[in-house]
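*Asks:*
Residue numbers (full-length UniProt numbering): 1 to 234.
(1) Go ahead and label residue 128 buried or exposed: buried means 16 or more other beta carbons lie within 10 angstroms of its beta carbon, across all protein chains shown.
(2) Under 8 Å by Cβ, that's how I've got residue 247 and residue 106 pegged, so tell me the actual separation to the nearest angstrom.
(3) Nearest to residue 85 by alpha carbon, out of 47, 10, 217 and 121?
(4) Just tell me which of 181, 56 and 167 has its CA closest to the CA of residue 89.
(5) Decide if residue 235 is buried, meaning its Cβ has at least 16 other Cβ atoms within 10 Å, or exposed.
(6) Determine whether the beta carbon atoms of residue 214 and residue 31 lie at a separation below 7 Å.
(7) Within the continuous alpha helix (DSSP H) that includes residue 163, where are the two ends?
(8) Please classify residue 70 as buried or exposed, where buried requires at least 16 neighbouring CB atoms within 10 angstroms.
(9) Note down the Cα distance separating residue 95 from residue 157, rounded to an integer number of angstroms.
(10) Is it right to say residue 59 is buried, meaning 16 or more other beta carbons lie within 10 angstroms of its own, or is it exposed?
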C-alpha cells in the first residue's frame, strides 16, 4: 500500500459490502463446510506436505526472505535438486486438497439442495472443473473456452436453461449474472480480493432473494489454514 499511496494518494472513501446489502446488494450469508481426506488421500498429503515444509524450514526461507520466501523457494526449484523435489511435493499436496473426494461428496449434496437455484461453482484448477463438468453434465467455462461458447453458456444461464456453471478464476470478475444466488468455492487462493470477487458474483439484487456462498475446505490441512486467514461473515 505504501507505493500505491505514493502514486495515487491515500484512500478517501471506503464502504463495506455489508453496508450495501438490502438496497443495492442482496442479503447474503456465508458458510464454511469442512471435509476430511479419505485415508489414501491423507497419507499422500502428509508425505508430500512433509517434504515441502521440511525444505522450507530447514532452509529458513521465511526468516531470511520474509513475505517473498515463496518466490525464493520457486526460484531455487529451477536449479536446485532438493528445492525441485519440494516444489513437486507442493504441487502434489495442493492437488490433493483442491480435488479431494470429500469436496465432491459435499458438492453432490449442495447440487441436490439447491437444484432449483442458479449456482456458480469455483475451482482452483481447470482439471477439477472439467472433472465436475463430466461427472454432473454441467457446462464449464475456463480460460480455454472460446468466446462464442462462453457467450452461449452465459446466455443460457441467464435465461434459466442452465442452472449451474463450473469455472475457475476466469469468472471472478467482469460478468453480470444476477440470476446466480448460490456460489460454491471448492478451491482458490488466500487472497481476500478473490474471495470478495467470487462473493460478488451472487450479490446482484434480484427481488428479495438471499445469496449464499459455501466454501468447502479440507480439515486439518493447509486448505483450512488458508481459509481461516480471512474472516468472512458466517
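Beta carbons: idealized from backbone N, C-alpha and C, even for Gly.
*Replies:* On the basis of the supplied data:
(1) What you label residue 128 is simply residue 128 of the chain shown in a count that begins at 1. The residue in question, residue 128, is buried, as its Cβ has 16 or more Cβ neighbours within 10 Å.
(2) Here the chain has residues from 1 to 234 only, and residue 247 is not among them.
(3) Your numbering for residue 85 matches position 85 in the chain shown. It is 47 whose Cα lies nearest to the Cα of residue 85.
(4) Position 89 of the chain shown, counted from the start, is the residue given in the question as residue 89. The shortest C-alpha separation from residue 89 is found at 56.
(5) Outside the shown range of the chain, which is 1 to 234, sits residue 235, and nothing can be said about it.
(6) As a first step, residue 214 is located in the chain shown; it is residue number 214 there, counting from the start. As a first step, residue 31 is located in the chain shown; it is residue number 31 there, counting from the start. Contact: yes.
(7) Looking up residue 163 in the chain shown gives position 163. Note, residue 163: premise wrong, no alpha helix (DSSP H); not H, not E.
(8) Counting from 1 along the chain shown, the entry for residue 70 is found at position 70. Exposed: under 16 other Cβ atoms inside 10 Å.
(9) Within the chain shown, the letter at position 95 stands for residue 95. Within the chain shown, the letter at position 157 stands for residue 157. Taking the straight line joining both Cα atoms gives about 29 Å.
(10) Numbered from 1 along the chain shown, position 59 holds the residue referred to as residue 59. Label assigned to residue 59: buried.
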